[in-house]
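Asker: Sharing a structure, written as C-alpha cells. Questions coming.
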Amino acid sequence: MNYLSVSDLSKSFGEFKLFKGVSFGLEKGQKVGLVAKNGAGKSTLLNILLGKDIQDEGQVVFKDELSVCLLEQEPSFGDATTIEDYINDSQNPAIRLIHRYEQLLESGDTESDEFTEVIEKIDEQNAWGVDVKINEVLTSLKFPDKKMSVVKLSGGQARRLALAKALIDEPDVLFLDEPTNHLDFDMVEWLEKFIADSNLTLLLITHDRYFLDNVCSEIIELSPEGIYNYKGDYEYYLTKKAEREHNEAVVANKAKNLFKTELDWLRKQPKARGTKSKSRIDAAYELEKKSKNVRVNSNLEISSVMTRMGSKIIEIEELNKEYGDLKILKDFTYFFKRGEKVGIIGKNGTGKSTFLNLITGKDTEYKGSIEVGSTVKFGYYNQKGLTFRDDMKVIDVVKDIAEIVQTKDGSKITASQMLTHFQFEPKKQHTHVELLSGGEKKRLYLVTVLMENPNFLILDEPTNDLDLGTLTALENYLLDFNGCVIIVSHDRYFLDRICEHLFVFEGQGKVRDFPGNYTEYREYERLNPVNEIANVKKEHKATSQEIKTKVSRLTYKEKIEMEKAAEELEKLETDKSKLEFKLSSGDLSGQEINDVSVDLGKLMEKIDEVTMIWMELAEKQEV
C-alpha cells in the first residue's frame, strides 16, 4: 500500500539550486534511509514533506487519514509537566484508552458505564500490551521515573524523550532525523533492533552506517541533480554507488574526447552553416555538457600530514582523579606508542572528557604522573567547536591557520586541496561562513584542526553532524595518519574501521584496556558477561620499564580461542564423569561396557587435544 508519493520536487534559494526532479515513494512498512552531503537539502526535503516549507515545483501526496510524525531536533513538550503527561498526550487511541482506564482506576470509579465501555474498547483494540511497550521504551531509553519533570531534562534527554514518544505513538509514517545522537551504545543497539522488528513505515536520516545497514532495505541519495534509488542496505548502496560513479566518469571522459574532435570541426567551419551542420553543432553542445559532468575527486592522496614525533609520546603512571567521593580515574597507567589509534567508550559521566582534559593539560588537578613528550603537538576537535566570523570566506578561515602544509615525503598540501578532500568543492570554498549549514561548519572546524599539522589527534565525537562522504574522507585520512589518535565516539562503524584497541571507562575510576575494536569488544562481552576483560591491573605493581616494554601477549582471537577451549574442557570433563559413572554402575551388558569404553577413549583423546591447545595459549600469555 502506497503511503507517500513524491513527484518532481525542486527547491532553490535564489540562484542556488538545492535539488530538482526529486521523485520517490514510500510503501507501508518500508524503511528507507536518506543520505546526502551536508547542505544538500535533507532537512529542507523533510520540511517540504511535512508542509513546513514550500517547494518550487512538484507534488507531495500522502494517503488519506495518515498520522505522520517527525522527530524534532529541538522538541517541545507543550503543557506537559512530567514524562507521564507527555507520553499520555497522544493521538494513538490505544494509549488514550489505557490512560483513561488508569484514571478511572485511581479515582475508584470502577462501577460506572464509562469504565465498562473503556474495558470493552481496550479488548476490541487488543490494547492491553500498550503499557508494557511504554515501559520497555522508556526504560531502554533511560527514563525509569515517569513522574520526572520535563523542565529538568537536558537537551540530550529531551531528544531521547521525543524519540520515545514517537516510537510509542506508532504513527503511520515516521521521519527520523539523526535519531542516534545522544544515545549510548546500549540504547543505539536496542533502538536498532526495535525498529528493525517493528512494522513502522520509516524515512531515516542518520550518519550511523551500522544503523542504516541493519534497519533500512532501501537507500535514497539526494543530490542537486535529483535522486538515486538503491534497493538494498548500506553496503549494497556503497557498492552500487561506486559502480555508478565509475560509469559516469567513463561516459564523461568519452564525451570529453569526442567534444575535442567536434570542437576542432567547429573551428574549421565557415560562418555560413547549413541545416545539417546545425544538428551537428547542437550535438557538440550536448557533448560539452556531458564532458563537464565529472565529479570533483575528494579522495586526494594526503600522506600523513603531521609534525615530526620523538620517541617519548605520553607516559601516564598511577593516575588518580576524583571529584569529592566520585572517582574518575584510579591508578591508571599507560605509555602511548607511536602510531597508536585508541578508541574511548563508556557511559556518560564515567570520565572520558576529564581524561582528555588531563592529558592535554587543561586540567592539572590530579595525583600521579602525566609526562608529554616535547615533540608532541595536539590537534583537539571537541564538541564546542570553533567560532567563525560570518563575513569570512571558507578558504580564508583555513588560510588564516596555514596556506600550505608539508607532508613527510616533502610534498605540499594547500588549504584549497585540504578543503577539497573534505568535500568543499572550489565554488564552495569562496562562500561566506554565514551561508554554511551546521554540518558544513563542523566540517570546516575539522579542517582547521588538521591544518595545524598535529602529530597527536584527539577527536571528541567527530562524527556528529558529518555527512557520510565526509566520514569516509576522515576515515581515509586517519588510516594514513602516522601519528597517534584518540577517538571518543558513539559511531560503531567509525571505531571499528579506525581503532586498534579501546579504553573502556566503566565508572568508579576503572578503565579497561581492550585489545580489539568495538565489534570485537561487544562479542567478547557477550561471551564473557561476568569474566574480567583482558589487561586488567595485576596484583603486583610493574616498574616503569616493565610497563614501557610490555606488549599484548595474546591477540584478541587467541583470547577468544583460549576462553572457548576452557569452556569446552569443562563440558568434556562433565561428559567424562557421566561415562565413568555408567561403567561403575554394574548395570551394563558386556557389549554396552565395550561401547562405553570406546566412547570414553575417544573422549579422553579429545580432552588431551583441547588441553594442549589451552596450555599452549596459556604458556604464550605468560611469556
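Just so we're aligned, residue 20 is where the sequence shown starts under the numbering used here, counting upward by one.
Note that CB positions come from ideal geometry on N, CA and C, so glycine has one too.
Model, not experiment: these values are computed from the prediction.
(1) State the DSSP-derived secondary structure class of Thr-482, mapped to helix, strand or coil.
(2) How big is the Cα-Cα spacing for Gly-329 and Gly-380?
(3) Would you mind stating whether Arg-3 and Asn-145 have Cβ atoms separated by less than 8 Å?
(4) Just to confirm, are Val-416 and Thr-383 a CB contact at a threshold of 8 Å?
(5) Here's the rule I'm using: 16 or more other beta-carbon atoms within 10 Å means buried, otherwise exposed. How should Glu-459 be labelled?
(6) The alpha helix (DSSP H) with Val-170 in it runs from where to where?
(7) With distances taken from CA atoms, which of Met-206, Asp-191 and Ile-239 is nearest Ser-217?
(8) Roughly how far, in whole angstroms, is the beta-carbon of Leu-521 from the beta-carbon of Gly-362, given that I think they are within contact range, below 8 Å?
(9) Output the distance between the C-alpha atoms of Glu-133 and Gln-527, rounded to the nearest integer angstrom.
(10) Report the rounded CA-to-CA distance for Ala-338 versus Cys-518, giving the unit in angstroms.
(11) Leaving aside the five residues before and after Asp-150 along the sequence, list all residues of the same chain whose C-beta is less than 7 Å from its C-beta, in chain order.
(12) Beta-carbon separation of Leu-377 and Lys-346 under 8 Å?
(13) For Pro-445, count neighbouring C-beta atoms within 10 Å of its own C-beta (all shown protein chains included) and say buried if the count is 16 or more, exposed if not.
(14) From the DSSP output, in three-state form, read off Asn-495 for me.
(15) Do you know how far the Cα of Trp-633 is from the Cα of Lys-590?
(16) Report the residue ranges of all alpha helix (DSSP H) runs contained in full by the region 379-434; include only those spanning at least 4 residues, in chain order.
(17) Keeping to the same chain, check which residues put their C-beta closer than 8 Å to that of Leu-588; ignore five residues upstream and five downstream.
(18) So, helix, strand or coil for Phe-500, using DSSP?
(19) DSSP three-state call for Gly-329: helix, strand or coil?
(20) Going residue by residue through the region 91-120, where are the continuous alpha helix (DSSP H) segments of at least 4 residues, counting only ones entirely within it?
(21) Could you compute how far the alpha carbon of Lys-349 sits from the alpha carbon of Phe-374?
(22) Where do the N-terminal and C-terminal ends of the alpha helix (DSSP H) with Gly-70 fall, by residue?
(23) From the DSSP output, in three-state form, read off Phe-441 for me.
(24) Is DSSP giving Ala-553 helix, strand or coil here?
(25) With 16 as the cutoff for other CB atoms within 10 Å, does Lys-461 come out buried or exposed?
(26) Going by alpha carbons, who is nearest to Val-530 out of Leu-476, Gly-365 and Phe-230?
(27) Among Glu-208, Ser-26, Glu-244 and Ile-106, whose alpha-carbon lies nearest the alpha-carbon of Asp-232?
(28) Report buried or exposed for Ile-423, applying the criterion of at least 16 other Cβ atoms within 10 angstroms of its Cβ.
(29) Alpha carbons only, please: which of Gly-358, Tyr-399, Val-391 and Arg-327 is nearest the one belonging to Ile-335?
(30) Within this structure, are the beta carbons of Asp-510 and Thr-482 separated by less than 8 Å?
(31) Between Glu-611, Phe-513, Leu-85 and Val-41, which lies nearest to Tyr-668 when the distance is taken from Cα to Cα?
(32) Comparing alpha-carbon positions, which option in Leu-28, Thr-433 and Asp-594 lies nearest Ala-421?
(33) With a CB to CB cut of under 7 Å and the five nearest residues on each side skipped, what residues in its chain are close to Glu-91?
Answerer: Here's the rundown:
(1) As a position in the sequence shown, residue 482 is number 463, starting the count at 1. The answer is coil: DSSP assigns Thr-482 none of H, G, I, E or B.
(2) Working through the sequence shown from its first residue, we reach residue 329 at position 310. Working through the sequence shown from its first residue, we reach residue 380 at position 361. Each residue's alpha carbon lies about 19 Å from the other.
(3) What the structure shows of the chain is the stretch from 20 to 642, and residue 3 is not part of that stretch, so it cannot be assessed.
(4) Working through the sequence shown from its first residue, we reach residue 416 at position 397. Working through the sequence shown from its first residue, we reach residue 383 at position 364. Result no, Cβ atoms of Val-416 and Thr-383 do not sit closer than 8 Å.
(5) Translated into positions along the sequence shown, residue 459 becomes position 440. Label assigned to Glu-459: buried.
(6) Working through the sequence shown from its first residue, we reach residue 170 at position 151. Per DSSP, Val-170 belongs to no alpha helix (DSSP H) and is neither H nor E.
(7) Working through the sequence shown from its first residue, we reach residue 217 at position 198. Looking at the Cα atoms, Asp-191 is the closest of the given residues.
(8) The residue labelled residue 521 in the question sits at position 502 within the sequence shown. The residue labelled residue 362 in the question sits at position 343 within the sequence shown. So it is a contact: roughly 5 Å between Cβ atoms.
(9) Walking along the sequence shown from the start, residue 133 turns up at place 114. Walking along the sequence shown from the start, residue 527 turns up at place 508. So the two alpha carbons sit approximately 53 Å from each other.
(10) Within the sequence shown, residue 338 is the residue found at index 319, counting from 1. Within the sequence shown, residue 518 is the residue found at index 499, counting from 1. The displayed chain sequence assigns Leu, not Ala, to residue 338. Computed Cα separation, rounded: 23 Å.
(11) Within the sequence shown, the letter at position 131 stands for residue 150. Here the set comprises Ile-117.
(12) On the sequence shown, position 358 is the one that residue 377 refers to. On the sequence shown, position 327 is the one that residue 346 refers to. No.
(13) Position 426 of the sequence shown, counting from 1, holds the residue named residue 445. Classification for Pro-445: exposed.
(14) Start at 1 with the first residue of the sequence shown, and residue 495 comes out as number 476. Looking at Asn-495 - three-state DSSP - the assignment turns out to be helix.
(15) For this step, residue 590 is matched to residue 571 along the sequence shown. For this step, residue 633 is matched to residue 614 along the sequence shown. Cα-Cα distance, rounded: 14 Å.
(16) 413-418
(17) Your numbering for residue 588 matches position 569 in the sequence shown. Within the same chain, Leu-588 has close Cβ partners Ile-626, Val-629, Thr-630 and Trp-633.
(18) Taking the first residue of the sequence shown as 1, we reach residue 500 at position 481. Phe-500: coil per DSSP, three-state reduction.
(19) For the purposes of this step, residue 329 is taken as the residue at position 310 of the sequence shown. It is coil, neither helix nor strand.
(20) 102-107
(21) As a working note, residue 349 is residue 330 in the sequence shown. As a working note, residue 374 is residue 355 in the sequence shown. When rounded, the distance between both Cα atoms is 12 Å.
(22) The residue labelled residue 70 in the question sits at position 51 within the sequence shown. Careful: Gly-70 lies outside any alpha helix (DSSP H) and carries neither H nor E.
(23) Here residue 441 refers to the residue found at position 422 of the sequence shown. Phe-441 falls in the coil class under three-state DSSP.
(24) One-based indexing of the sequence shown puts residue 553 at position 534. Confidence is the limiting factor: at Ala-553 the pLDDT is only 40, short of 50, which leaves the residue's position unreliable and the question unanswerable from this model.
(25) Position 442 of the sequence shown, counted from the first residue, corresponds to residue 461. Per the 10 Å Cβ criterion, buried.
(26) Locating residue 530 in the sequence shown gives position 511, counting from the first residue. Ranking Leu-476, Gly-365 and Phe-230 by Cα distance to Val-530 puts Gly-365 first.
(27) Start at 1 with the first residue of the sequence shown, and residue 232 comes out as number 213. When each option's Cα is compared against that of Asp-232, the closest is Glu-208.
(28) The residue labelled residue 423 in the question sits at position 404 within the sequence shown. Looking at its Cβ environment, which holds fewer than 16 other Cβ atoms inside 10 Å, Ile-423 is exposed.
(29) Here residue 335 refers to the residue found at position 316 when the sequence shown is read from its first residue. Of the candidates Gly-358, Tyr-399, Val-391 and Arg-327, the one whose C-alpha sits nearest the C-alpha of Ile-335 is Val-391.
(30) Against the sequence shown, residue 510 aligns to sequence position 491. Against the sequence shown, residue 482 aligns to sequence position 463. Contact: yes.
(31) Residue coverage of the chain in this structure runs from 20 to 642, which leaves residue 668 outside it and unanswerable.
(32) Stepping through the sequence shown from its first residue, residue 421 is reached at position 402. Checked all of Leu-28, Thr-433 and Asp-594; the closest Cα to Ala-421 is Thr-433.
(33) Within the sequence shown, numbered from 1, the residue matching residue 91 stands at position 72. Result list for Glu-91: Ala-181, in chain order.
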